[in-house]
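One structure is given here, and the rest of the page talks about it.
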Amino acid sequence: MQIFASTPLDILLQILWVLVFPGILFITTLALLWEWVDRKVYARMQNRIGPLHTGWRGILQPLMDFFKLLGKEDLTPEKADGRGFAAVPVVMLVLSLTLCMFLPVVDVNPSMPGVQGILSFEGDLILILFLSTLVAILIILAGYFSSNPFGQTGAARTGMLLVSFEIPLIIALIIPATLAGSLSVSTIMNTLVRSSPATVWLLMLPFIIFLITSEAELERIPFDVSHAETEIVHGWQVEYSGKKLALIHLAEDILLVYSAGLATTLFLGGPYLLEFIPLRLFSVDFATLAATTWVGWVYYPLVFMLKSAVVVVILSNMRAAFARWRIDQIVRYAWRVMVPLAILSLFIVQVALVYVFPMLGVV
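Okay, so the sequence shown: first residue is -8 according to our numbering, each after it adds one.
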């Protein structure tokens, strides 16, 4: 596990990593950027323009929407659980930021081989799954704290989504961990990028499963029945306004960063790209140059953002291509299609590891 260093300079660097880059400031900026990308792609798929006037091509519109909500009146229902109602946005934002701290964006610990997250230890994948489940449970509590029937209906639907899609999501994440022989997100990524190209084929189906289940966990179309405006007004968010709603929307954007980043880390090679090309600069191979100089602090985040942007575009296309499903259709699809597919994918990986790879001499 990464431990804060004892020297004042190292402590200052750790604080800067957490607060600025690749920590809270970087994650928040990326969240607003991905919201803009998502809205532009979604609009183009529907023959619209999307955000246009605020900033270059509307790139500052998500930030302005956040500031606008901060200035709105903040109301709490008379019959709501006041403390729980007020705590939900803050806890949701903290959990989403904490999840992003495990994403390996840049090499913040030179003493450890490979790119590492700000938080990295053996078994952190289990903690990530636990925290992501806490977010879903928090959404359920948010609906019940509001004491609004529409909010409680949205919360109940969130519970059904949680039960239905958590299993295939967890199995999809277990598969790269099985191939790498580790439960550390950073170790899984650094191991898989050095493994045989045969593992790429084994990760294709889990990657598709992860994208679909992530769309459901993020409550995006076609899985947005938990806060469907045309059915239950605004679901579990119906009573939230002002600063509370601003924090909730920001937390949802950060969760999009987390989902796209986790897909990039476990299935797309993380911030590595040119390392797979025999490229030499200044008589040094590029991988060594990026790992030992300032080049890595520019190169790794750019590659990570590029791959994450591809995932966001895929999720945006899914959001535009399908209409909202009914809750019974979603639950039926999860148990009859996604769970069997996830189990089948895990079975294929186990057969390949135990029988096929040893027979072919694949490491």
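Backbone N, C-alpha and C define an ideal beta-carbon position, used for all residues, glycine too.
None of these values were measured; they are calculated from a predicted model.
Exercise. CB-CB under 7 Å to phenylalanine -5, same chain, minus the five flanking residues each way: which ones, in chain order?
Worked result: At phenylalanine -5 the pLDDT is 48, less than 50, meaning the model places this residue with poor confidence; the figure from the coordinates comes in the next sentence. Ile2, Gln5, listed in sequence order.
For this session: Counting only the same chain and skipping the five closest in sequence on each side, list residues whose C-beta sits under 8 Å from that of serine 175.
Result: Ser111, Phe112, Glu113, Gly114, Asp115, Leu116
For this session: Taking all protein chains shown into account, decide if histidine 44 is buried (16 or more other Cβ within 10 angstroms of its Cβ) or exposed.
Result: exposed
Exercise. From threonine 221 to glutamate 266, what does the alpha carbon distance come to, in whole angstroms?
Worked result: 48 Å
Exercise. To which residues does DSSP link valine 97 through a beta bridge?
Worked result: Beta-bridge partners assigned by DSSP to valine 97: Gln107.
Exercise. Residues in its own chain within less than 6 Å of proline 262 by CB, not counting five upstream and five downstream?
Worked result: The residues are Val106, Tyr291, Val294, Phe295.
Exercise. Do you know whose CA, among Phe156, Val345, Ala251, Thr284, lies nearest alanine 22's CA?
Worked result: Ala251
Exercise. In the structure shown, what three-state DSSP assignment does cysteine 225 receive?
Worked result: According to the sequence provided, residue 225 is histidine. The question's cysteine does not apply to it. Residue state, collapsed to three classes: coil.
For this session: Work out the CA separation of valine 347 and phenylalanine 338 for me, nearest whole Å.
Result: 13 Å
Exercise. Mind checking glutamate 26: buried by the 16 CB within 10 Å criterion, or exposed?
Worked result: buried
Exercise. Where isoleucine 239 and leucine 90 are concerned, what is the direct C-alpha to C-alpha distance, given to the nearest angstrom?
Worked result: 15 Å
For this session: Determine, using beta carbons only, whether isoleucine 158 and serine 336 come nearer to each other than 8 Å.
Result: no
Exercise. Does the stretch 207 to 222 come close enough to the stretch 49 to 60 to have 3 or more Cβ pairs within less than 8 Å?
Worked result: no
Problem set entry | Span of the alpha helix (DSSP H) around aspartate 1 | -1 to 10
For this session: Determine the closest residue to serine 232 out of Tyr324, Val216, Lys59, Val99, with distance taken between C-alpha atoms.
Result: Lys59
Exercise. From valine 229 to aspartate 72, what distance separates their C-alpha atoms?
Worked result: 15 Å
Problem set entry | Alpha-carbon spacing of threonine 19 relative to histidine 225, whole angstroms | 24 Å
For this session: Determine the extent of the alpha helix (DSSP H) in which tryptophan 362 is found, giving its start and end residues.
Result: Look at the range of the chain in this structure, -8 to 354, and you will see that residue 362 is not part of it.
Problem set entry | Chain-order list of residues whose beta-carbon lies under 6 Å from that of alanine 171 (same chain, five-residue window excluded) | Ile179, Thr182, Leu183
Problem set entry | For proline 53, the first and last residue of its enclosing alpha helix (DSSP H) | 52 to 61
For this session: Put tryptophan 316 into one of helix, strand or coil per three-state DSSP.
Result: In the three-state reduction of the DSSP assignment, tryptophan 316 falls in the coil class, being assigned neither a helical nor a strand state.
Exercise. If you draw a straight line from the C-alpha of alanine 163 to the C-alpha of phenylalanine 201, how long is it?
Worked result: 6 Å
Exercise. Relative to the C-alpha of alanine 242, which residue among Pro(-1), Ser123, Tyr33, Ala189 is closest?
Worked result: Ser123
For this session: Inspect the beta-carbon positions of leucine 129 and methionine 92 and report whether they are closer than 8 Å.
Result: no
For this session: Work out the CA separation of proline -1 and asparagine 308 for me, nearest whole Å.
Result: 47 Å
For this session: Just mark phenylalanine 313 as buried or exposed, buried being the case when its beta carbon has 16 or more other beta carbons within 10 Å.
Result: exposed
Exercise. Are valine 303 and valine 28 close, meaning C-beta to C-beta below 8 Å?
Worked result: yes
Problem set entry | Beta-carbon proximity list for aspartate 244, same chain, < 6 Å, skipping 5 on both sides | If the five residues before and after aspartate 244 are omitted, its C-beta is found closer than 6 Å to the C-beta atoms of Ala22, Glu26, all from its own chain and listed in chain order.
Problem set entry | Where serine 175 falls: helix, strand or coil (DSSP) | coil
Exercise. Expressed to the nearest angstrom, what Euclidean distance is found between the alpha-carbon atoms of tryptophan 8 and isoleucine 161?
Worked result: 29 Å
For this session: Give a yes or no on whether the C-beta atoms belonging to proline 197 and arginine 315 are separated by under 8 Å.
Result: no
For this session: Please state whether DSSP places glutamine 341 in a helix, a strand or coil.
Result: helix
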